[in-house]
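**Q**
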Amino acid sequence: MNVPPSLKPVSKYIKRAEDIEKEKSNPSSRLVAYYCYKYALDKVVEITKTDSDASIREFLLNSLLPAVEDRKRALSPPPSPSSDASTVESYALNIFAIAARDDANQSTSKITAKVYYSAGVVLEVLEQFGEPSADVSRIYE
3 MNVPPSLKPV
13 SKYIKRAEDI
23 EKEKSNPSSR
33 LVAYYCYKYA
43 LDKVVEITKT
53 DSDASIREFL
63 LNSLLPAVED
73 RKRALSPPPS
83 PSSDASTVES
93 YALNIFAIAA
103 RDDANQSTSK
113 ITAKVYYSAG
123 VVLEVLEQFG
133 EPSADVSRIY
143 E
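Anchor point for the sequence shown: position 115 equals 117 in the working numbering, and the numbering is continuous, going up by one each time.
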């Protein structure tokens with residue numbers, strides 16, 4: 003997806019969604035990717051309230067909104083935030099645990115840093131579900 007430069011802060015959620023969609027072995031990856039796209043959509047909608055840049059609105063209406071809707075229709079059962087929050091959280095915590103394990107074993111690398119970053123992006127996506135769980139709150143401490 004070609005994100006306008008003015009939306010650089012939102013591009014990390016879209017990039018993460020695109021990466022997650024490539025994961026064919028994890029059955030929850032499509033759902034997590036959907037919520038990453040949806041979180042990006044929510045952020046762009048907020049930006050359009052204060053920024054009248056035509057490229058942002060064009061991206062929203064012609065790229066991001068159709069992408070979110072297509073992914074929503076492809077999910078079965080349909081997304082349900084009340085029940086899906088735990089799936090997204092579990093996904094984020096699993097990614098974080100992989101990086102933390104490498105960190106604890108002192109086998110860190112650039113890959114470890116990227117894994118921490120990826121976990122952080124998905125942890126941010128959890129904001130759309132409300133207050134973080136105790137497990138997520140511990141990570142932020």
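For every residue, glycine included, the Cβ atom is placed at its ideal position computed from N, Cα and C. All values derive from a computational prediction rather than experimental measurement.
Can tyrosine 37 and valine 123 be called in contact, C-beta distance under 8 Å?
**A** By 1-based counting over the sequence shown, the position of residue 37 is 35. By 1-based counting over the sequence shown, the position of residue 123 is 121. No. Outside cutoff.
**Q** Less than 8 Å between the C-beta atoms of valine 34 and isoleucine 22, yes or no?
**A** Within the sequence shown, numbered from 1, the residue matching residue 34 stands at position 32. Within the sequence shown, numbered from 1, the residue matching residue 22 stands at position 20. Closer than 8 Å, so yes.
**Q** So, under 8 Å CB-CB, arginine 73 and tyrosine 41 are touching, yes? Tell me the CB distance rounded to an integer number of Å.
**A** The residue given as residue 73 occupies position 71 in the sequence shown. The residue given as residue 41 occupies position 39 in the sequence shown. Contact flag wrong, Cβ pair sits at about 12 Å.
**Q** What's the gap between the Cα of serine 135 and the Cα of alanine 87?
**A** What you label residue 135 is simply residue 133 of the sequence shown in a count that begins at 1. What you label residue 87 is simply residue 85 of the sequence shown in a count that begins at 1. Approximately 10 Å, taken between the alpha carbons.
**Q** Kindly indicate which residue of Thr50, Asp104, Ile141, Ala69 has the alpha-carbon position closest to the one of isoleucine 16.
**A** For the purposes of this step, residue 16 is identified with residue 14 of the sequence shown, where counting begins at 1. Ranking the options by Cα distance to isoleucine 16, first place goes to Ala69.
**Q** Alpha carbon to alpha carbon, how far is leucine 62 from leucine 43?
**A** Counting from one through the sequence shown, the residue named residue 62 turns up at place 60. Counting from one through the sequence shown, the residue named residue 43 turns up at place 41. Approximately 7 Å, taken between the alpha carbons.
**Q** Take the Cβ of serine 85 as the centre, count every other Cβ of all protein chains shown within 10 Å, and call the residue buried at 16 or more, exposed below.
**A** For the purposes of this step, residue 85 is identified with residue 83 of the sequence shown, where counting begins at 1. Under this definition serine 85 is an exposed residue.
**Q** So is tyrosine 142 buried or exposed if we call it buried at 16+ other beta carbons inside 10 Å?
**A** Mapped onto the sequence shown, residue 142 falls at position 140. By the 10 Å Cβ count, tyrosine 142 comes out exposed.
**Q** Mind reading off the beta-carbon distance from threonine 50 to isoleucine 58? Whole number of angstroms is fine, and I expect it under 8 Å.
**A** Position 48 of the sequence shown, counting from 1, holds the residue named residue 50. Position 56 of the sequence shown, counting from 1, holds the residue named residue 58. At roughly 6 Å, the Cβ-Cβ gap stays under 8 Å, so threonine 50 and isoleucine 58 are in contact.
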